[in-house]
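First comes the structure, then the notes that go with it.
Number of protein chains: 2
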Amino acid sequence: MDFQNLISDKMLGVKASAIREIFKVAGKPDVISFAGGLPAPESFPVADIKTICNDILDNEPITALQYGISEGYVPLKELVLNRMKEKEDIGRENDDIIIVSGSQQGCDLTAKVLLNEGDGVICEEPSFIGCLNTFRTYNAKLYGVPMNEDGMDLAVLEETLKKNQNIKLIYTIPTFQNPSGITSSLAVRKGMLELAQKYNVMILEDNPYGELRFSGEKIPTIKSMDTTGHVIYLGSFSKVFSPGLRLAYLIMDKGIMEKIVVGKQATDVHTNVFSQMIAARYLKDYNIDESIETSRKLYKHRCHLMLSCMDTYFPKNVSYTRPDGGIFIWVTLPEGVDTGKLMLEAVERKVAFVPGNAFMTDLDKPSHCFRLNYSTMSDEKIEKGIKILGDLLKERL
Amino acid sequence: MDFQNLISDKMLGVKASAIREIFKVAGKPDVISFAGGLPAPESFPVADIKTICNDILDNEPITALQYGISEGYVPLKELVLNRMKEKEDIGRENDDIIIVSGSQQGCDLTAKVLLNEGDGVICEEPSFIGCLNTFRTYNAKLYGVPMNEDGMDLAVLEETLKKNQNIKLIYTIPTFQNPSGITSSLAVRKGMLELAQKYNVMILEDNPYGELRFSGEKIPTIKSMDTTGHVIYLGSFSKVFSPGLRLAYLIMDKGIMEKIVVGKQATDVHTNVFSQMIAARYLKDYNIDESIETSRKLYKHRCHLMLSCMDTYFPKNVSYTRPDGGIFIWVTLPEGVDTGKLMLEAVERKVAFVPGNAFMTDLDKPSHCFRLNYSTMSDEKIEKGIKILGDLLKERL
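Following this line, the structure appears as structure tokens:
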């Protein structure tokens, strides 16, 4: 049977993530993989989670195992709202929260509620492949705005908004961006918000890495400056607690939330209740800030080690970002080099990274950039892998 | 700020589930609610789940808490495939399985992969409100085919397929249907499959209640008769293990599965790993059949008690289904009675049910039918609630 004529137009054009294919190679045990984006497993509070699970199953098993409500487990919603108010000054009177099954679902529901086929989404160029693919599954048109050292180029952003009446949404990861590691400056954040208000489009502020700052000064979230309801804030437990439990949250104006809840109902009814209870108990009775501090130190060490190895082994015509947090470094080679081809050579030498084109609005255009991840790697592997990569770059550039 | 002009067309028309609104009333502690659809909490194997959680967190915590793969936890996939092969003779050589975050997501991904806006979906009339709403969020056109005592009316089904070239999918719950409790006969199942093949449309066979048979002879699933790949099978852990853990699975031809996996990636990346491991361990080391047998006995008792109370207290011009399994009874009043209005009166007397229009393709047309659920109710409440309802019906009919 030929299924092709039954597949929807919007899905016909979407391919499996390029990263997935790379993982098949990178996942081999003898390959040093800088291709991933996983949190360090040392950061998972396993013993605490075990205590919590026993407590829940002893005292509230039915709540954990029975159907829940689409908006999320009420104590978790309240704990997250309080924490976000305290840490990020997020949450106006007209805002509400919904617990979702990971950040990707936060992006999916936002797309479902806002986008008609052909509607436009502005994204940073480069940006997170997962959410770009989500927008593609709604047949949205992606408009990439190039990243400067301090975030989106505001002039290009305004020009894009002015030219394209179909734009509904600006998608941004302002803090320790995936894949670039860039943090948008306060001026860029304010500029984005003003333009969103001026052209009446929404901003989806995706902030999974925000708490993983290990140097520099904290910069306010865009949502904390939002007085008009134009910003949808997407926070996640994946990088500060556990990604396997699939927990994230959206905070936004009630006027949009109402439809997000209907979308959530029609998508997976509600998020895993047991996991929501585990996270709630952890926030309430344990010290998540202490646990995040441990991750910060670990990532700072690994990031700085990787950067110092790159300073030593990489040729001088290669540049790269020096992130203040998060888990990624973005490397720029001289124009004309195709990092897709380079990746195949690197894999032969048992080192993996993700070529830049995977993060672009046009996946087929070769890129002279690539992404490195340092969050899960031992010192030995960072040193060995970066040296191998440096040797390859010196041969090819 | 007015968000209405930013909302997508497909979501503008979809309302929050009517059942949700009813739940707000029905959830009050002094109301006897036959409006729900929850499994009996006595059936949750709490002690076993606790043992399993400790074992997982002692021995494989990183696997449970780290990112997983979109297709699902491999041991769970294999255990489910083996079980479905043994119990239902499901799974051809070209079939594959994906673990999803509950049945609703199975329906959502099927809709995402098959449906363009305006494409047609045939459903039983009445049918499960949750999945009808999912199709609505894709701007699909719903075609209801009336249910006879033995399932869909095949003549109307063929006429509908013949007349409407836009139809891509037939959605059916052939066993102990929600809301009607009707089980489609073998002849109807064969007829549906033949028509799907003839008109080259897919069937989504949703079977969450199939294992909850408490009387009558087992009838083969449509998927077990599918030699051409036209049937997508949707199974669930919600009614036989735990709904709070959000675990279900799709089994279908690899030619469609490939796109379902891409959709899953773009929707929530993967299903909660910890929960998948809990279910896998339960299937492997415990006796799920014994646990299901306990549920069957419980539901048989409650169903038969409810039916016998209805025989005693309901007026003679009221008819109702006598299900062989599952958790729902469908009540038909004389034409012209609006069960939406009747429900408000019933709630005043502290009894709740769901009026029939909630399960129809046209939600706004009054219905003379309603749904009763018996799965979570004590004997006392069944007797008391049905008597109150019977008295109300006698007064109004």
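Chains as they are written, first to last, in the numbering used here: chain A, 1 to 397; chain B, 398 to 794.
Just so it is clear, CB atoms sit at the ideal spot from N, CA and C, and this is done for glycine as well.
Check	Outcome
At which residues does the alpha helix (DSSP H) containing B/G469 begin and terminate?	Where B/G469 is concerned, there is no enclosing alpha helix (DSSP H), given that its DSSP letter is neither H nor E.
At 4 residues or longer, what runs of the alpha helix (DSSP H) sit wholly inside the region 482-544 of chain B?	500-511, 526-533
Could you tell me the boundaries of the beta strand (DSSP E) in which B/S633 lies?	628-633
Specify the secondary structure class of A/T332 as computed by DSSP and reduced to three states.	strand
In the DSSP assignment, find the beta strand (DSSP E) that holds A/L169 and state where it starts and stops.	167-172
Here's the rule I'm using: 16 or more other beta-carbon atoms within 10 Å means buried, otherwise exposed. How should B/T507 be labelled?	buried
Show which residues of chain A have a CB atom less than 9 Å away from the CB atom of B/G626.	M1, F3
Taking the beta carbon of B/D623 as the centre, do at least 16 other beta carbons fall within 10 Å, making it buried, or is it exposed?	buried
With the cut-off set at 8 Å, would you say A/L247 and A/T267 are in Cβ contact?	no
Could you tell me the distance, in whole angstroms, from the CA atom of A/Q4 to the CA atom of B/V715?	48 Å
Is there at least one Cβ from chain A nearer than 8 Å to B/A537's Cβ?	no
Run down chain C in chain order and give the residues with a C-beta less than 8 Å from the C-beta of B/I653.	Looking for chain C here will not work: the only protein chains present are A and B.
Buried or exposed: A/K365, going by 16 or more other Cβ atoms within 10 Å of its Cβ?	exposed
Does DSSP classify A/G151 as helix, strand or coil?	strand
Thinking C-beta only, is B/T534 closer than 8 Å to B/V659?	no
A/Y67 versus chain B: which residues are under 7 Å apart at the beta carbon?	L435, P640, G641
Closer than 8 Å is the cut-off here; do at least three beta carbon pairs connect the region 94-114 of chain A with the region 197-215 of chain A?	yes
Using beta carbons (cut-off 8 Å, strictly below), is A/F34 in contact with chain B?	no
Using a C-beta cutoff of 8 Å, does B/G541 count as contacting chain A?	no
Which chain B residues are close to A/N59, counting only those with a beta carbon under 8 Å from its beta carbon?	Per Cβ cutoff of 8 Å: no residues; A/N59 is ~11 Å from chain B at best.
For B/D776, which of B/R480, B/D486, B/C700 has the nearest alpha-carbon?	B/C700
Check each candidate in B/L739, B/T460, B/F750 and name the one with the smallest Cα separation from A/K41.	It should be noted that the sequence gives Pro, not Lys, for residue 41 of chain A. It is B/T460 whose Cα lies nearest to the Cα of A/P41.
What residue range does the alpha helix (DSSP H) around B/N456 cover?	443-456
Along the region 122-138 of chain A, what residues have a CB closer than 8 Å to any CB found in chain B?	G130, N133, T134, R136, T137
Can you look up B/N754 in the DSSP assignment and give me helix, strand or coil?	helix
Compile a chain-ordered list of the residues in the region 90-106 of chain A whose CB is closer than 7 Å to at least one CB of chain B.	S101, G102, Q104, Q105
Looking at the secondary structure, which residues open and close the alpha helix (DSSP H) in which A/E205 lies?	First-last for A/E205: 202-206, but that is the beta strand (DSSP E), not the alpha helix (DSSP H).
Assuming contact is defined by CB atoms lying nearer than 8 Å, are B/I747 and B/I429 in contact in what I supplied?	The question names Ile, but residue 747 of chain B in the sequence shown is Lys. Yes, Cβ-Cβ distance for B/K747 and B/I429 is below 8 Å.
Taking only runs that begin and end inside the region 281-329 of chain A, name each unbroken alpha helix (DSSP H) of 4 or more residues, in chain order.	288-313
With 8 Å as the C-beta to C-beta threshold (strictly closer), list the residues of the region 346-366 of chain A near chain B in chain order.	none
Taking 7 Å as the cut-off, is the beta-carbon of B/T572 closer than that to any non-hydrogen atom of the ligand ADP?	For the ligand ADP, the structure offers nothing, since it holds no ligand at all.
Once the 5 residues before and after A/G385 are set aside, which same chain residues still bring their CB inside 8 Å of it?	I32, F34, V351, M377
Which partner residues of A/V80 appear in the DSSP bridge assignment?	In the DSSP output, where bridge partners are listed per residue, A/V80 has none listed.
Assuming contact is defined by CB atoms lying nearer than 8 Å, are B/C520 and B/T758 in contact in what I supplied?	yes
Is it the case that the Cβ atoms of B/S765 and B/G733 are separated by a distance below 8 Å?	The question names Ser, but residue 765 of chain B is His in the sequence shown. Cβ atoms of B/H765 and B/G733: closer than 8 Å.
Kindly indicate which residue of B/A552, B/N575, B/F525, B/D788 has the alpha-carbon position closest to the one of B/D708.	B/D788
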